[in-house]
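Position in the sequence shown (from 1) plus 28 gives the number in our numbering. We put the CB at the ideal spot given by N, CA and C, even for glycine. Owing to the predicted nature of the structure, the values given are computational and were not obtained by experimental measurement.
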Amino acid sequence: MVAGAVAIAVEPVSAAWSDPEYAQASVTAARVAPAVPGTCAGGLLAITFTWTAPVSVSPAPTSYLVHVRDTTGAIVQTATRTPAQGLSYSSLALLGGGTAYTFDVTAMYANGWGSTTIVGDAVVYALGATCAWRA
Numbered sequence: 029m030v031a032g033a034v035a036i037a038v039e040p041v042s043a044a045w046s047d048p049e050y051a052q053a054s055v056t057a058a059r060v061a062p063a064v065p066g067t068c069a070g071g072l073l074a075i076t077f078t079w080t081a082p083v084s085v086s087p088a089p090t091s092y093l094v095h096v097r098d099t100t101g102a103i104v105q106t107a108t109r110t111p112a113q114g115l116s117y118s119s120l121a122l123l124g125g126g127t128a129y130t131f132d133v134t135a136m137y138a139n140g141w142g143s144t145t146i147v148g149d150a151v152v153y154a155l156g157a158t159c160a161w162r163a
């Protein structure tokens with residue numbers, strides 16, 4: 029099973045009556061998170077990070093939701109990226125002075141959001157930043 033995948037289990041149901049109009053079933057396609065982290069680099073009061081698309085997932089993600097959060101978990105920046113825009117994000121005007129942030133990426137599919145499984149950490153200074161994806 030792919031990390032972050034949604035598994036669907038189907039169990040048979042029996043009834044004392046039958047109605048063909050209601051004897052139907054539907055299955056929602058699996059939704060997974062972006063596959064793996066890519067690069068992460070610190071800049072002047074900013075971080076830039078990339079990720080890769082899930083491999084062999086059909087349908088493919090339609091977009092990605094990016095969050096940058098402070099140490100309380102509050103969202104300080106959010107963005108949506110489509111595959112056509114590239115799988116990267118550059119933060120804007122983060123606070124320096126050793127301020128810590130986390131960032132995460134969630135894949136969006138035609139049938140809903142995938143799970144958030146790629147998360148990173150960053151510390152932003154006045155003249156640069158350090159960042160890394162979590163293992």
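The Cβ atoms of threonine 110 and serine 91 lie closer than 8 Å to each other.
Non-local C-beta neighbours of leucine 120 in its own chain, meaning closer than 8 Å and more than five positions away in sequence, comprise Ala74, Gln105, ordered along the chain. For glycine 71, the enclosing beta strand (DSSP E) begins and ends at 65 to 71. Look at alanine 157 here: in three-state DSSP terms it is strand.
Selection Gly124, Gly101, Gln113, Arg97 evaluated against tryptophan 79 yields Gln113 as nearest (Cα-Cα). DSSP, read as helix, strand or coil, puts alanine 112 in helix. In this structure, DSSP gives valine 85 a state outside helix and strand, which the three-state scheme calls coil. In the three-state scheme derived from DSSP, where H, G and I count as helix and E and B as strand, leucine 123 is classed as coil. Looking at Leu155, Tyr117, Arg97, Ala160, the one whose alpha-carbon comes closest to that of threonine 130 is Arg97. In terms of Cβ geometry, glycine 66 and cysteine 159 do not form a close pair [threshold 8 Å].
Our two residues, glycine 156 and leucine 115, have alpha carbons roughly 22 Å apart in a direct line.
Glycine 140 has its alpha-carbon roughly 23 Å from the corresponding atom of glycine 101.
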